[in-house]
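Residue numbers for the sequence shown, in mature numbering (1 follows the signal peptide of the UniProt record, and there is no 0): -26 to -1, 1 to 186. Take a look at the structure set out below.
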Amino acid sequence: MGKILEKAIFLIGLISFVSLLPYALGKKDKAPVKKCDEPKIFAENLNYDWIMAQSAWYFPLLSKEDLIRQSSDILKQKLDEVKTQDLTNACFQATWEGLTPIITGFGGKKVSYDLSPLDFTNFNILGYEKAWKKGQGGVLYITQTDNKNYVFFVRCWKDGERSWNVMTTSKKPSEEVKSKILQHAKHLGFAVEGDDLETIDYEGCAQTKTEL
């Protein structure tokens, strides 16, 4: 049993190393502008079994930057094109197929992400790429969870931009949970007032479809 486990760990490490090798060598991508620093805090005792056990996840709160970039990936459109559109019916939902998160939005459009650990001593740090090769990838940081209601993510995109979103088990989290989420976002240096904060109204999602 011990040898099988050792082989499994070795294979996972080898696959992750090979997938990240082009970036280490600078084969395709230039180094991003350093604007997005790694968060100083990470989620404690994150329960991955709990995450996988949920039938669906929702994104009722997120930064404007995250809404635009997530929409760009799902719609397969350039960022400048997405910024001029009405995104009120983004209605993001997430499901998991193994370790692959699939985000659905805009009336059933989907995008899947390939996740890979970047630090085997801290599984709160993951590289992410999309099946749509023109999408914006980067590094995903899991900075907070209560293992009951939500998981908070910070994303550092390849071009150095920074965004956040929160994945919740409920379409409309309680005011107490919402307060904790916004306090955490503010603690990480994000603005949570005015146009910087986006909300998704899932009650409206059930009544509206998009033609995008």
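Cβ coordinates follow ideal geometry from the N, Cα and C atoms, glycine included. Model, not experiment: these values are computed from the prediction.
Residue i to residue j span [Cα, whole Å]
i: residue 189; j: Thr119; result: Past the edges of the chain, shown from -26 to 186, lies residue 189, and the structure says nothing about it.
i: Ile174; j: Pro91; result: 29 angstroms
i: Tyr22; j: Asp169; result: 32 angstroms
i: Thr78; j: Glu12; result: 27 angstroms
i: Glu135; j: Asp88; result: 20 angstroms
i: Ala68; j: Phe33; result: 8 angstroms
i: Asn121; j: His161; result: 20 angstroms
i: Asp43; j: Ser137; result: Just to set this straight, residue 43 is Arg in the shown sequence, not Asp. Using only the alpha carbons, I get a separation of about 9 angstroms.
i: Ser86; j: Val113; result: 15 angstroms
i: Val125; j: Lys154; result: 11 angstroms
i: Ala159; j: Val166; result: 7 angstroms
i: Glu55; j: Glu18; result: 38 angstroms
i: Lys152; j: Phe127; result: 15 angstroms
Unbroken beta strand (DSSP E) run spanning residue i, endpoints
i: Leu53; result: Per DSSP, Leu53 belongs to no beta strand (DSSP E); it is in the alpha helix (DSSP H), 53 to 57.
i: Cys179; result: Taken as a continuous stretch (DSSP letters only), Cys179 belongs to no beta strand (DSSP E), being part of the alpha helix (DSSP H) at 176 to 179.
i: Ile116; result: 112 to 119
i: Gly79; result: 74 to 79
Residue nearest to residue i in terms of C-alpha spacing, selected from the options
i: Asp93; options: Ile116, Leu49, Glu39; result: Ile116
i: Ile25; options: Ile15, Ala165, Asn123; result: Asn123
i: Gly81; options: Gly111, Ala27, Lys145, Leu61; result: Leu61
i: Asn139; options: Leu156, Glu150, Asp133, Lys146; result: Leu156
Identity of the residues DSSP links to residue i by a beta bridge
i: Glu103; result: Asp88
i: Asn139; result: Leu36, Phe127
i: Leu41; result: DSSP lists no partner for Leu41.
i: Leu171; result: Ser37
i: Thr69; result: Ile76
Residue range of the alpha helix (DSSP H) that includes residue i
i: Val151; result: 149 to 161
i: Ile15; result: Unbroken run through Ile15: none, as it is neither H nor E.
i: Ala27; result: 22 to 27
Burial state of residue i (16 or more Cβ within 10 Å)
i: Thr74; result: exposed
i: Asn96; result: exposed
i: Ile15; result: exposed
i: residue 193; result: No statement about residue 193 is possible, as the shown extent of the chain runs from -26 to 186 and does not include it.
i: Gly101; result: buried
i: Asp40; result: buried
i: Ser148; result: exposed
i: Glu103; result: buried
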